[in-house]
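Visitor: The structure that follows is given in the form of structure tokens.
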Amino acid sequence: MIPFSVLDLSPITVGGNAAGALRNTLDLARHAERLGYLRFWLAEHHNMPGIASAATSVVIGHVAGGTSTIRVGAGGIMLPNHAPLVIAEQFGTLESLYPGRIDLGLGRAPGTDAVTTRALRRFAPAGTDTFPQDVVELQAYFREAQPEQLVHAVPGAGLEVPIWLLGSSLFSAQLAAHLGLPFAFASHFAPDHLMAALHLYRSDFRPSDTLGRPHAMAGAQLYAADTDEEARRLVTSSQQQWANRFRGRAGPLPAPVESMDGRWSPEEAAQVSHMLTYAFVGSPETIERGLRAFIETTGADEVILASQIFDHAARLRSYAIAAEVRDRLST
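Residues -19 to 311 in the numbering used here are what the sequence shown spells out, letter by letter.
Now the structure itself:
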């Protein structure tokens, strides 16, 4: 069985608020745990009115404390926004509270716009890229402390929190291969370099103390319903949200509509369609065909699914359908 996991953006819906979004996140995590999903990851985004998981480590603790077996982690922490020592302490704390259940996925992008990036990285020299060095520094904080080591992560040292590298280009694929780390590609919104990144990662992979062979996760969006027609209606929330972002009007996740006709230009429709290249929309049979082809094409070791659906009950149903598909694919 290829494991399926959940990537939750804690969507704030039109008419809703962050408190409701975070309650839904925990409810979804419990649902995913019952359905046998392997991981439940949350993403760091800032200054985005439709996403409630900006304080990602805090939300991970909220979810881990309300579940018992599912792995909970970051997909990901945008490491250039933080000092590696701070992330080591945060995830060392999480691992101490919920041993054996915490994942730390790391991204290189800011997770926001340029103005907010400057607010987040106010003391960082402009134009510097220390991501590779920061990853290595973070790895060191999770190893057993050495006698000559002056700075320790407490808690953190010796806990060996699993680190993943995340990416939407070739950079992190190459770095993950060089460091012998598992790699996750953000094909759920950045489809262009998926196959090239996976090939580079696998061909250049160097075994490490933590990973003996390449391990790749691929992301996809999921809009599953009992009928193709209903699924096509559900995905209009995401289509509207993406179109608004392209117009510079990011906002909460809108309610679905019966049709996108007249709601976007042909250029916007093409842009959104490209972003959703790896969005699987449809009935259980349609979803099964799509995911089977996706897994066969990518050779992914794991699949992580993001489901930006307005109605919480419909989102729960979407993941239940995907779990049924996973079970059929394993037979």
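Don't be surprised by glycine CBs; every beta carbon is placed ideally from N, CA and C.
If you follow the beta strand (DSSP E) that residue 54 is part of, which residue opens it and which one closes it?
Guide: Position 74 of the sequence shown, counted from the first residue, corresponds to residue 54. 51 to 58 is the span of the beta strand (DSSP E), which, as asked, contains residue 54.
Visitor: Nearest by alpha-carbon distance to residue 193: which of 163, 212, 10 is it?
Guide: To locate residue 193, count along the sequence shown from 1; it is residue 213. The residue with the shortest Cα to Cα distance from residue 193 is 163.
Visitor: Evaluate the contact criterion for the segment -9 to 7 versus the segment 26 to 37: three or more CB pairs, one atom per stretch, below 8 Å.
Guide: Contact holds: three or more Cβ-Cβ distances are below 8 Å.
Visitor: Taking C-beta to C-beta, are residue 167 and residue 174 nearer than 7 Å?
Guide: Taking the sequence shown and counting its residues from 1, one reaches residue 167 at position 187. Taking the sequence shown and counting its residues from 1, one reaches residue 174 at position 194. Yes. Within cutoff.
Visitor: On the DSSP letters alone, give me the boundaries of the alpha helix (DSSP H) that residue 19 sits inside.
Guide: For the purposes of this step, residue 19 is identified with residue 39 of the sequence shown, where counting begins at 1. Looking at the DSSP string, residue 19 is not in any alpha helix (DSSP H); the run it does join, the beta strand (DSSP E), is 19 to 22.
Visitor: Are residue 180 and residue 156 close, meaning C-beta to C-beta below 7 Å?
Guide: To locate residue 180, count along the sequence shown from 1; it is residue 200. To locate residue 156, count along the sequence shown from 1; it is residue 176. Not closer than 7 Å, so no.
Visitor: What does the alpha-carbon distance come out to for the pair residue 45 and residue 4?
Guide: Position 65 of the sequence shown, counted from the first residue, corresponds to residue 45. Position 24 of the sequence shown, counted from the first residue, corresponds to residue 4. Going by the C-alpha atoms only, they are around 15 Å apart.
Visitor: Taking the alpha carbon of residue 190 as the point to measure from, which residue in 220, 219, 253, 142 has its own alpha carbon closest?
Guide: Translated into positions along the sequence shown, residue 190 becomes position 210. For the residues 220, 219, 253, 142, the minimum Cα distance to residue 190 belongs to 142.
Visitor: Taking the alpha carbon of residue 125 as the point to measure from, which residue in 113, 138, 116 has its own alpha carbon closest?
Guide: Counted from its first residue, the sequence shown places residue 125 at position 145. For residue 125, the nearest C-alpha among the options comes from 138.
Visitor: Can you have a look at residue 272 and say buried or exposed, based on whether 16 or more other CB atoms are within 10 angstroms of its CB?
Guide: Here residue 272 refers to the residue found at position 292 of the sequence shown. Result: exposed.
Visitor: Please confirm whether residue 47 and residue 9 have their CB atoms less than 7 Å apart.
Guide: Reading the sequence shown from its first residue, position 67 is the one you call residue 47. Reading the sequence shown from its first residue, position 29 is the one you call residue 9. For residue 47 and residue 9, yes; Cβs fall inside 7 Å.
Visitor: Identify whether residue 226 lies in helix, strand or coil by the three-state DSSP scheme.
Guide: In the sequence shown, counting from the first residue as 1, residue 226 sits at position 246. Here residue 226 sits in helix by DSSP.
Visitor: Among 188, 160, 186, 201, which has the Cα closest to the Cα of residue 171?
Guide: As a working mapping, residue 171 is identified with position 191 in the sequence shown. Looking at the Cα atoms, 201 is the closest of the given residues.
Visitor: Measure the C-alpha to C-alpha separation of residue 7 and residue 51 and round it to an integer number of angstroms.
Guide: Residue mapping note: residue 7 aligns to position 27 of the sequence shown, counting from 1. Residue mapping note: residue 51 aligns to position 71 of the sequence shown, counting from 1. Answer to the nearest angstrom: the Cα atoms are 15 Å apart.
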